[in-house]
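My numbering puts the first residue of the sequence shown at 160, with every later residue one more than the last. Don't be surprised by glycine CBs; every beta carbon is placed ideally from N, CA and C.
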Amino acid sequence: MSFFKRNFWEKLSGKIPDFIKNDPFRKLLAFFLALLLFTYYYTSKETRIEELEVPVEITLPEGYYLLAGKPATAKVRLSCGPFAARENLKEKVKLNVDLSREVLSGRMVHDVTLKKYAVTERLSDAKVTSVKPANITLRVERQMTKEVKVNVDLTQKVLLTEGYEVAKVSCIPDKVILSGPASFLKEIDSISTVEIPFDATIIKSFFYSAKLIPPKDQPLISMTPEKVTVNLTVAKSHSEKTFRQVPVKLLMGSSVDTVTGVQIVSAKVVDVTVTGLKNAVDRISESDLIPYADVSAIRKNGLHNNIPVKCWSRKEGVSIQSVVPDSVNVRVGPQAAK
């Protein structure tokens, strides 16, 4: 057994170079000293401080909006070893404040310590020592949806040819859904379309696909849908006009003794409302209207009640819609002549 051991060590000794066999303990000590010097050099002498402007990213839970408090960048201070190459630092240092799993419980203010979220991706030789600002306060708010009506902008309808008007307007859908921060939606009751284009050539009804105008300076608010179909009925323009306190005249025939006399003993004036094409209604005046009560068929003296009042117009193109009151009381006889 001792023979085999001696033979093994002799073979092993023959393979070790002579420069190692001569004083091996001193050479081993020198190796460990060199290793210590190497470690000291790379961990102490080559450690350096780097400062980077790193973009700040915020991730919120679903159904929340960030209203304020997010800085564009933060200054990250790093303690770097020799293997942390300068050209890689900007790409590998991230500042993503991930609150997606936080339970905010409706809180509108959330305090964040940025250093907690500073990450050096695949950089084992760099360590984050500080972040400025150290803390930020985020203002967040829950998402809200709200249904509001659609207003159709008819500003350009004045460009229609004379005598035509937009008689009826409807849109599909007539309401839209807004989604955004609750405080932003609180004061919004309606959404308007873009201006509907009109010109003098339009004399028939038409459909128009109109874009909706989003709330001004509110990029966090979305609309569903973003367009509506507007149905516009274009027709000849009609109008109405009421003339107040127009005197009533009496229409008398040969059967009434003019010497005996006829007198209105109720209201002697009426209100007359006319309708028709707008051009015709705009041109008519009170002097063109003659309200009258026909007493030509009365043959007896005395009080006669509820004689109908009608109205005649000197101008064509209009119709008498109403006369108020629509009757008068008259007295026929000697007393009426006084």
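Subject >> Reference Phe343; option with closest CA among Asp376, Val252 and Ala326 >> reply: The shortest Cα separation from Phe343 among Asp376, Val252 and Ala326 belongs to Asp376.
Subject >> Status (buried if at least 16 other CB within 10 Å, exposed otherwise) for Gly112 >> reply: Missing from the structure shown is residue 112; the chain here goes from 160 to 497 and no further.
Original post:
Should Leu391 and Met382 be called a contact, given that it needs their Cβ atoms to be closer than 7 Å?
Top reply: no
Original post:
Can the beta-carbon of Val311 be found closer than 7 Å to that of Cys330?
Top reply: yes
Subject >> Secondary structure of Glu321, DSSP reduced to three states >> reply: coil
Original post:
Taking the alpha carbon of Ser300 as the point to measure from, which residue in Ala285, Val262, Glu216 and Glu209 has its own alpha carbon closest?
Top reply: Correcting the residue type first, residue 300 is Glu in the shown sequence and not Ser. The candidate whose alpha carbon is nearest that of Glu300 is Val262.
**OP:** Using three-state DSSP, classify Glu399 as helix, strand or coil.
**Re:** For Glu399, the three-state secondary structure derived from DSSP is strand.
Subject >> Where Lys345 sits in the DSSP three-state scheme >> reply: In the structure shown, Lys345 sits in coil (DSSP, three-state: anything other than H, G, I, E or B).
Original post:
Closest to Gly492 by CA distance: which of Ile457, Ile479 and Pro406 is it?
Top reply: Ile457
Subject >> Whole-angstrom distance between Glu250 and Pro230, CA atom to CA atom >> reply: 19 Å
Subject >> Where Thr232 falls, given that 16 or more other Cβ within 10 Å makes a residue buried >> reply: exposed
**OP:** Over the uninterrupted alpha helix (DSSP H) stretch that includes Ala439, give me the two end residues.
**Re:** Lys437 to Arg442
Original post:
Nearest to Glu280 by alpha carbon, out of Val252, Pro378, Val256 and Leu237?
Top reply: Considering only alpha carbons, the answer is Val252.
Original post:
So what's Ser480 in DSSP terms, helix, strand or just coil?
Top reply: This sequence places Gln at residue 480; Ser is not what is there. Looking at Gln480 - three-state DSSP - the assignment turns out to be strand.
Subject >> Classification of Phe357 by the beta-carbon crowding that lies within 10 angstroms, buried from 16 upward >> reply: buried
Subject >> Local conformation of Ser338 per DSSP, three classes >> reply: strand
**OP:** Can you grab the Cα-Cα spacing for the pair Ser364 / Ala394, in whole Å?
**Re:** 7 Å
Original post:
Would DSSP call Phe365 helix, strand or coil?
Top reply: strand
Subject >> Complete beta strand (DSSP E) runs within the region 280-307 (minimum length 3 residues, chain order) >> reply: 285-291
Original post:
Is Leu409 near Val454, with beta carbons less than 7 Å apart?
Top reply: yes
Subject >> Cα-Cα separation, Lys234 to Pro340 >> reply: 30 Å
Subject >> Euclidean distance between Cα positions of Pro484 and Val353 >> reply: 46 Å
**OP:** To the nearest angstrom, report how far apart Val268 and Val335 are at their CA atoms.
**Re:** In a straight line, the C-alpha of Val268 is about 30 Å away from that of Val335.
**OP:** Measure the CB-CB distance between Leu273 and Val290 and report whether it falls below 7 Å.
**Re:** Contact flag set, yes.
Original post:
Can you check whether the CB of Ser396 is closer than 7 Å to the CB of Lys437?
Top reply: yes
Original post:
Taking buried to mean at least 16 other C-beta atoms within 10 Å of its own C-beta, is Gly435 buried or exposed?
Top reply: buried
**OP:** Decide if Ile466 is buried, meaning its Cβ has at least 16 other Cβ atoms within 10 Å, or exposed.
**Re:** Burial call: buried.
**OP:** Compute the distance between the beta-carbons of Val256 and Val271, then report whether it is under 7 Å.
**Re:** yes
**OP:** Consult DSSP for Ala189 and reduce its assignment to one of helix, strand or coil.
**Re:** Of the three classes helix, strand and coil, the one that applies to Ala189 here is helix, per DSSP.
Subject >> Alpha-carbon spacing of Lys316 relative to Ile355, whole angstroms >> reply: In this model, Lys316 and Ile355 are separated by some 8 Å (Cα to Cα).
Subject >> Alpha-carbon spacing of Glu321 relative to Thr388, whole angstroms >> reply: 26 Å
Original post:
Looking only at C-alpha atoms, which of Asn488, Phe366 and Val440 sits nearest to Val424?
Top reply: Asn488
**OP:** Starting from the C-beta of Pro374, find all residues in its chain whose C-beta is less than 7 Å away, skip the five residues before and the five after it, and write them out in chain order.
**Re:** Ile347 and Ile380
**OP:** Indicate the three-state DSSP secondary structure (helix, strand or coil) for Lys474 in the structure shown.
**Re:** Of the three classes helix, strand and coil, the one that applies to Lys474 here is coil, per DSSP.
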